[in-house]
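All remarks here apply to the structure that follows.
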Amino acid sequence: MNGPNIRRTNRRTQRKKARRRLLRFIYSTIVLALLIFAGVKTINLIKNIGVPQIAKDIIKKQQGRITILNLDRDTELPIKNNKYRITKLDSGEIVQIISTDKNGIATSMLLDYGSKYEVKWIESNPNYPIREEVFILEIDQENHEIIIESKMHDYIKQVHHTEEGELVVDEVFIEVPTIMQLPELPNGCEITSLTAVLNYKGYNAEKTEMADTYLPKEPFYRKDEKLFGANPYVAYAGDPREKHGFFSYAPPIVEAANHFLDKIKGEEKPIDISGSTREEIIKYLEQGIPVVIWVTLDLSKPIKTYSWHLSDTGEKVDMPINLHCVVLNGYAGDNVHVMNPLEGQVIYNADAFFQSYVELGSHAMTLDGLK
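Positions 1 to 371 (full-length UniProt numbering) are the ones given, in order, by the sequence shown.
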């Protein structure tokens with residue numbers, strides 16, 4: 001007699017359990033739906049109410065990246081080692097600095113949708129000028145691609161690429177203006193060469209004003225039947241306007257450049273690069289930096305048949321009488337291009353030129369350091 005009642009009770013119990021399972025499923029589904037639509041703001045709520053891990057996994061921020069592709073405008077080959085700064089627009093926070101790889105590609109980290117960023121080129125491959133253009137992006141897709149095509153500096157005339165994709169500069173010519181030292185400065189090759197480089201940089205410098213006003217000079221004099229003169233590392237010996245003027249090495253020319261630039265508030269920082277190797281000097285040319293450099297008049301060996309006592313130490317020193325100063329402003333193959341203040345624009349064999357530079361003591365200066 002109790003059998004049917006027991007079966008009915010079991011069926012009611014099973015239906016209740018089924019309804020409870022259905023209600024739990026519906027509740028979980030509603031909670032998940034609410035969390036999904038609530039988006040990022042719901043994440044803290046998830047932590048507080050202990051929603052199952054599966055819900056946390058479903059709710060993710062939408063994020064995208066910024067990808068920069070740098071190409072050479074003429075060859076369409078990739079450009080590496082260009083650096084870009086990514087800044088968050090609303091806070092000014094620097095988010096990341098990225099650099100292009102051998103494929104010319106730089107990729108940012110994941111960035112949140114809806115955020116705005118400024119992308120600015122901050123450092124360039126030495127063979128290319130920096131573009132001042134700034135990119136403003138709002139992240140609203142998986143990848144924002146910026147394609148930048150660049151043209152090499154005008155002074156780079158010829159290049160080739162190695163099998164590894166490295167760019168090699170084969171020819172450079174920096175258009176340093178021709179300024180002749182004669183007739184005003186018969187012994188003013190150093191200050192005339194500096195004047196030419198200052199004019200290349202856009203300054204209105206005059207060779208005679210540079211010699212009279214900015215060049216540190218020291219006259220010769222006799223004492224106790226001895227000839228005394230300037231230490232050529234400290235000042236020009238004599239006067240470049242005079243036939244009996246002699247010379248200086250790089251430091252007084254750097255000082256003259258500094259005096260001139262300080263007066264007109266120039267931005268360059270002249271430096272003495274004496275002792276630089278041939279390869280190091282070539283790097284200056286590759287970056288568009290002409291080099292004021294000391295050699296001999298005909299690239300022959302230094303002739304030291306004249307001497308005087310240095311006014312600062314009293315030491316007697318033999319001085320080269322065939323010294324000359326020129327502007328090295330290019331190279332191509334086995335040759336170098338030179339602005340010679342006695343001859344104008346000339347070409348010399350590179351080996352002979354650098355041998356003379358070394359034999360004379362490796363003296364040189366520039367208006368800029370390497371980048």
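Think of the CB as a built atom: it goes at the ideal place given N, C-alpha and C, for glycine as much as any other residue.
Closer than 8 Å to chain B by CB, residue i
i, result
"residue 134", "No chain B is present in this structure, which holds just one protein chain."
Contact under 8 Å by Cβ, residue i with residue j
i, j, result
"residue 79", "residue 113", "no"
"residue 234", "residue 219", "no"
"residue 365", "residue 290", "no"
"residue 141", "residue 111", "no"
"residue 173", "residue 329", "yes"
"residue 327", "residue 134", "no"
"residue 122", "residue 84", "yes"
"residue 367", "residue 279", "no"
"residue 69", "residue 105", "yes"
"residue 273", "residue 331", "no"
"residue 203", "residue 264", "yes"
"residue 205", "residue 260", "yes"
"residue 157", "residue 145", "no"
Identity of the residues DSSP links to residue i by a beta bridge
i, result
"residue 173", "330"
"residue 346", "338"
"residue 365", "272 and 292"
"residue 153", "Answer is none; residue 153 lacks a bridge partner."
"residue 167", "161"
Residues near residue i in its chain [Cβ-Cβ closer than 6 Å; skip 5 each side]
i, result
"residue 168", "160"
"residue 189", "181, 324, 325 and 341"
"residue 149", "71 and 73"
"residue 126", "287 and 371"
"residue 87", "94 and 118"
"residue 312", "231"
"residue 75", "none"
"residue 306", "319 and 321"
"residue 236", "215, 217, 248 and 252"
"residue 116", "89 and 138"
"residue 384", "Nothing about residue 384 can be reported from this structure: the residues present for the chain run from 1 to 371 only."
"residue 363", "249, 250, 274 and 294"
"residue 102", "80 and 165"
"residue 120", "85 and 134"
Buried/exposed call for residue i, threshold 16 Cβ in 10 Å
i, result
"residue 244", "exposed"
"residue 255", "buried"
"residue 293", "buried"
"residue 77", "exposed"
"residue 23", "The predicted model places residue 23 with a pLDDT of 46, which falls under 50 and marks its position as unreliable; any figure quoted below should be read in that light. Classification of residue 23: exposed, given that the 10 Å Cβ count is below 16."
"residue 91", "exposed"
"residue 217", "buried"
"residue 349", "exposed"
"residue 152", "buried"
"residue 82", "buried"
"residue 66", "buried"
"residue 227", "exposed"
"residue 197", "buried"
"residue 277", "exposed"
"residue 165", "exposed"
"residue 3", "The predicted model places residue 3 with a pLDDT of 44, which falls under 50 and marks its position as unreliable; any figure quoted below should be read in that light. Exposed is the call here."
"residue 357", "buried"
"residue 284", "buried"
"residue 369", "exposed"
"residue 339", "buried"
"residue 213", "exposed"
"residue 162", "exposed"
"residue 351", "exposed"
"residue 314", "exposed"
"residue 344", "exposed"
"residue 372", "Only positions 1 to 371 of the chain appear in the structure, and residue 372 is not among them; the question remains open."
Contact set for residue i: own chain, Cβ-Cβ below 7 Å, skip 5 residues either direction
i, result
"residue 301", "359"
"residue 353", "295, 299 and 336"
"residue 211", "185, 188, 191, 240 and 241"
"residue 124", "82 and 130"
Cβ shell of residue i (< 8 Å), same chain only, five flanking positions each side left out
i, result
"residue 207", "179, 181, 184, 185, 188, 191, 192 and 195"
"residue 49", "Interpretation of residue 49 is limited by its pLDDT of 49, a score under 50 that renders its predicted location unreliable; no figure is taken from the coordinates."
"residue 7", "Because residue 7 sits at a pLDDT of 45, beneath the cut-off of 50, its placement in the model cannot be relied upon, and the point is left open."
"residue 108", "65, 66, 67, 86, 95, 96 and 98"
"residue 304", "318, 319, 320 and 321"
> What are the complete alpha helix (DSSP H) segments, minimum 4 residues, inside the UniProt domain "SpaA-like prealbumin fold" (64-148)?
Replying inline: none
> In chain order, which continuous runs of the beta strand (DSSP E) of length 3 or greater are located wholly inside the region 185-260?
Replying inline: 221-223 and 226-229
> Which runs of the beta strand (DSSP E) spanning at least 3 residues fall entirely within the region 264-343, listed in chain order?
Replying inline: 291-296, 306-310, 316-319, 323-332 and 335-340
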